[in-house]
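Here's the structure, in structure tokens; my notes come after.
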Amino acid sequence: KSKKAGRNTIRFFDPSLESAMKQQATLEEDLRIALQDKQFILHYQGQFTSESKLTGAEVLVRWKHPEQGMMSPALFIPFAEESGLILPIGNWVLETACNQLAAWGKLPNMRKLVLAVNVSALQFRQPDFIETVLAIIERSGANPHRLKLELTESMLVENVDDIIQKMLTLKAHGLGFSLDDFGTGYSSLSFLKRLPLDQLKIDQSFIRDVHSDPNGAAIAKTIVSLGKSLGLNVIAEGVETSEQREFLANAGCFAYQGYLFSRPLAIQDFEELAMGALIEG
Ligand code: C2E
Ligand code: MG
Ligand code: MG
Ligand code: MG
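For full-length UniProt numbering, count along the sequence shown from 1 and bump the result up by 825.
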């Protein structure tokens, strides 16, 4: 075994692997600097009712990289999860979102808006997750009823009772929960039934082909009715065309997010959009 391992370590000196490791080390260093230098910003993508009333927004982090420009979270979140840096990044996102909610609490047109914040499995799994979230809310003065956390199915392979307990505690403080990217992960239906969710988010991969792929269409329809039967609010993400919207409306979907309604926007642009929009509630 040791001989084999010894031979394998030779790969360490493979120049392409070495440069890949260097890149990882650089990325980690860059992310640490990004935290310190406040290079992250949040974009806000509106969420709408079937009558196009604005209900709130999903908060999406971006990295204003000094050399590489605006960087998508799809590129750095997986690495931030691996390195553990998602913990301070996630706290920063939550804190910034809560400060925003607190500021909006004083504006008549913004007061009712709900912000949805993505939470990584690693964050949710922290033993002090609840305390951390509650402390951030308290410090900011945000109304916890205006905060929704988006979980993914990937975190649900853990101890389910533990997850449910954490969700119930936060729900008792007013927070809501949405299951993001629904249909792409592992969750079984019995499991779904047990989770104290408020919302199911149909993954955009099912929305994309509702008009070209009969199976995709069937799945999208089924998720809408499944969610409704479980008493959940169902939101479709990645809605880009009015055909998709119409299909979803016919399937009974009440909530929408996607480029057809709005792109993710910088805060000033989102506030401008909200000022001109009809607000639900
Ligand atoms: P997600 O939570 O599923 O977010 C939806 C993604 O779909 C966003 O990508 C959004 O910009 C994109 N999108 C929205 N509408 C449309 C549309 O109509 N068409 C298409 N093609 N795309 C649309 P984004 O901003 O690149 O974020 C990617 C993923 O990164 C997110 O997927 C989420 O999993 C993760 N992420 C973003 N911000 C955070 C964060 O603060 N914390 C954590 N843990 N993850 C985050
Ligand atoms: Mg999300
Ligand atoms: Mg999603
Ligand atoms: Mg996603």
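Glycine residues also receive a C-beta, built at the ideal position from the N, C-alpha and C atoms.
heavy atom of ligand 2 below 8 angstroms from residue 1026 C-beta: yes
Exposure of residue 1099, with buried meaning 16 or more beta-carbon neighbours within 10 Å: buried
As assigned by DSSP and simplified to three states, the class of residue 959: helix
Whole-angstrom distance between residue 1051 and residue 1035, CA atom to CA atom: 17 angstroms
7 angstroms Cβ shell around residue 1070 - same chain, five flanking residues per side excluded: 1064, 1081 and 1085
Where residue 908 falls: helix, strand or coil (DSSP): helix
Alpha-carbon to alpha-carbon, residue 847 and residue 854: 10 angstroms
DSSP bridge partner residues for residue 885 (one or two, in chain order): 868
Where residue 1035 sits in the DSSP three-state scheme: coil
For residue 951, the three-state DSSP class (helix, strand or coil): coil
Ligand 3 heavy atom lying under 8 angstroms from the CB of residue 1023: no
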